[in-house]
Ligand code: EPU
């Protein structure tokens, strides 16, 4: 078992280069299944979730090879083997196998997804979309069986704005007959990234990034080469860490527009921000104002940055209120922060955070972003060593975290216990 050990109190200084987006990567890899020839994905983050996906594709008969951060996927020999168990269980985003395999083979059996379970995360909107396209969906002992004689385009209104459902329906609909319209679609940059890849494969998708997406189905898609967008959540996490440690960090290889909601909040707190074309400099200040934050769907403040932001708000003066309107109870980091001396109480969907310095403690991450929050908290602690358990969650979303933080001057290391 590994832990992250953090001897905090050092301002982060220097440059960090952001890798490709995890939440794009884990949708783009299954999307490659829809092609009949080789797809090359560049700028992939080297994460455990990406490795699991590569395992899943190989199990189905794809040829996968790596060259640095580029993954070459030859899906021409893939078959739709039932996957009720095995690697699909390790991954939340294995649900994208449903849309991709249904699109290409019109039939698949996939175990219900695993991953970070900070609260029940239903997939009813994905299922509603598949059914609208003509699939019969049954739950067979915890595995979802999807089958369609033929997929036919349809008009689908999502009752909940869902990233996963929007992408999954888009995947299946690219190989359906006729037009599909997804209304009330999610607008996250990762959705545009998936649509860009699919269009390069010969699909016809318009409106990705808006609430109405139109897809003209194609009988065949071909291979292509695609470079993944930078990870806005990883970038945001380093921005928050730079502010929390009162550092001065250039966050390089980012699309500043993707981070607007965070940047606005940091400026409101009094953090110095300089925005360049593809980078953002964060300049920490000795003291910060309290702010209220509402996590919403994009372009609102990202729920995935809500936990890291909680740690930063412990460093602000006065009382901040941070509410999450995407997930109702994503607060597993709060009891751990309280162990570190934070003054936080959770009321419904909100965390009420009173500014207070933190102390070293032994804490445990219960999910990926909770892990990031605890690392940031540890970096602010002036004395002693903070031990963060649950490293396997952090490894799902932050490649080279320890190396990057060390290059920024942090005293962080992994310890096997
Ligand atoms: N929801 C439903 N029914 C559905 C789908 C979603 O009720 O069929 C609800 C969820 O319970 C949630 C809300 O809708 O309350 C939004 O969920 P969404 O479907 O957008 O989330 P997701 O696609 O499962 C992705 C990211 C998450 C990120 C959310 C929101 C992946 C694999 N995961 O999840 O990332 O929090 O979008 O932006 O892309 C993370 O990276 O740490 C992470 C959890």
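Numbering (the numbering used here), first residue to last: 886 to 1302.
For every residue, glycine included, the Cβ atom is placed at its ideal position computed from N, Cα and C.
Query raised in the report: When the distance is taken between beta carbons, is residue 1130 closer than 9 Å to residue 1283?
Result: Cβ distance not < 9 Å, so residue 1283 and residue 1130 don't count as in contact.
Query - Reference residue 1095; option with closest CA among 1080, 992, 1112, 1281 - result: Of 1080, 992, 1112, 1281, the residue nearest in Cα terms is 1080.
Report task. Tell me whether the beta-carbon of residue 1218 lies closer than 9 Å to the beta-carbon of residue 1192. Result -> Yes, the Cβ-Cβ distance between residue 1218 and residue 1192 is below 9 Å.
Requested in this report: Return helix, strand or coil for residue 1189, following the three-state DSSP convention.
Outcome: If DSSP states are grouped into helix, strand and coil, residue 1189 belongs with the helices.
Query raised in the report: Measuring from the CB of residue 1252, is there a heavy atom of the ligand EPU at a distance below 8 Å?
Result: Under cutoff, so the answer is yes.
Requested in this report: Could you tell me which residues DSSP pairs with residue 1048 in its beta bridges?
Outcome: According to DSSP, residue 1048 bridges with nothing at all.
Query raised in the report: Buried or exposed: residue 1035, going by 16 or more other Cβ atoms within 10 Å of its Cβ?
Result: Only exposed fits residue 1035, as fewer than 16 other CB atoms lie within 10 angstroms of its CB.
Requested in this report: In the DSSP assignment, find the beta strand (DSSP E) that holds residue 1164 and state where it starts and stops.
Outcome: According to the DSSP assignment, residue 1164 belongs to the beta strand (DSSP E) that extends over 1164 to 1168.
Report task. Can you check the stretch 1119 to 1155 for any beta strand (DSSP E) of at least 3 residues that lies completely inside it and give the ranges in chain order? Result -> If we require 3 residues or more, the beta strand (DSSP E) runs fully inside the stretch 1119 to 1155 come out as 1133 to 1137.
Query raised in the report: Mind checking whether residue 987 and residue 942 have CB atoms under 9 Å apart?
Result: Result no, Cβ atoms of residue 987 and residue 942 do not sit closer than 9 Å.
Query - Sequence-distant residues of the same chain with beta carbon closer than 6 Å to residue 1141, five excluded per side - result: The residues are 1160, 1165.
Report task. For residue 943, name the three-state secondary structure that DSSP assigns. Result -> Look at residue 943 here: in three-state DSSP terms it is helix.
Query raised in the report: On the three-pair Cβ rule with 8 Å, is the stretch 1103 to 1121 touching the stretch 1080 to 1091?
Result: Verdict: yes, contact present.
**Report entry** First and last residue of the uninterrupted alpha helix (DSSP H) at residue 1290
**Finding:** Start and end: 1286 to 1292.
**Report entry** Bounding residues of the beta strand (DSSP E) (the contiguous stretch that carries residue 1099)
**Finding:** Where residue 1099 is concerned, the enclosing beta strand (DSSP E) stretches over 1097 to 1101.
Query raised in the report: Are the beta-carbon atoms of residue 890 and residue 1273 separated by less than 9 Å?
Result: Less than 9 Å divides the Cβ of residue 890 from the Cβ of residue 1273.
Report task. Would you mind working out which of 1008, 1157, 1147, 925 sits nearest residue 948, comparing C-alpha positions? Result -> For residue 948, the nearest C-alpha among the options comes from 925.
**Report entry** Limits of the beta strand (DSSP E) - the one that residue 1179 falls within
**Finding:** Run containing residue 1179: 1177 to 1180, per the beta strand (DSSP E) assignment.
Query raised in the report: Are any of the Cβ atoms in chain D nearer than 9 Å to that of residue 1108?
Result: Among the chains of the structure shown, chain D does not appear; only one protein chain is present.
**Report entry** Extent of the continuous beta strand (DSSP E) to which residue 1024 belongs
**Finding:** Boundaries of the beta strand (DSSP E) harbouring residue 1024: 1021 to 1025, taken from the DSSP string.
Query - Boundaries of the beta strand (DSSP E) in which residue 1088 is found, first to last residue - result: Counted as a single uninterrupted DSSP element, the stretch harbouring residue 1088 is not any beta strand (DSSP E), since DSSP gives it neither H nor E.
Query raised in the report: Can residue 915 and residue 984 be called in contact, C-beta distance under 9 Å?
Result: Going by C-beta atoms, residue 915 is nearer than 9 Å to residue 984.
Query raised in the report: Hey, how far is the Cα of residue 993 from the Cα of residue 1197?
Result: Approximately 44 Å, taken between the alpha carbons.
Report task. Please confirm whether residue 1098 and residue 1076 have their CB atoms less than 9 Å apart. Result -> Contact annotation: residue 1098 and residue 1076 have beta-carbon atoms nearer than 9 Å.
Query raised in the report: Relative to the ligand EPU, is the shortest distance from any of its heavy atoms to the C-beta of residue 1234 smaller than 8 Å?
Result: Because no heavy atom of the ligand EPU lies under 8 Å away, the Cβ of residue 1234 does not count as near it: no.
Query raised in the report: Using 8 Å as the threshold, is the stretch 1219 to 1226 in touch with the stretch 1259 to 1276, meaning 3 or more CB pairs across them?
Result: Touching, yes, given that three or more Cβ pairs across the two stretches are closer than 8 Å.
Query raised in the report: CB residue 1213 to CB residue 1233, shorter than 9 Å?
Result: A contact, by the Cβ cut-off of 9 Å.
Report task. Figure out for me which residue from 978, 1188, 1126 has the closest Cα to the Cα of residue 935. Result -> Ranking 978, 1188, 1126 by Cα distance to residue 935 puts 978 first.
Requested in this report: Please find out if some non-hydrogen atom of the ligand EPU comes closer than 8 Å to the beta-carbon of residue 1272.
Outcome: Not under cutoff, so the answer is no.
Query raised in the report: Looking at the unbroken beta strand (DSSP E) that takes in residue 991, where does it start and where does it end?
Result: Residue 991 -> no beta strand (DSSP E), and no H or E assigned at all.
**Report entry** Contact belief for residue 899 with residue 1267 at Cβ below 8 Å, rounded distance in angstroms
**Finding:** The pair is not a contact, with the Cβ atoms about 21 Å apart (cut-off 8 Å).
Query raised in the report: Span of the beta strand (DSSP E) holding residue 1300?
Result: Residues 1296 to 1301.
Query raised in the report: Excluding sequence positions up to five away, which residues of its chain have a Cβ less than 6 Å from the Cβ of residue 1211?
Result: So the list reads 1180, 1188, once near-sequence residues are dropped.
Query - CB of residue 1176 within 9 Å of CB of residue 1208, strictly - result: No.
Requested in this report: With residue 1254 as the anchor, note down where its alpha helix (DSSP H) starts and where it stops.
Outcome: 1253 to 1265 is the extent of the alpha helix (DSSP H) around residue 1254.
Requested in this report: With DSSP as the reference, label residue 974 as helix, strand or coil.
Outcome: Three-state DSSP puts residue 974 in a helix.
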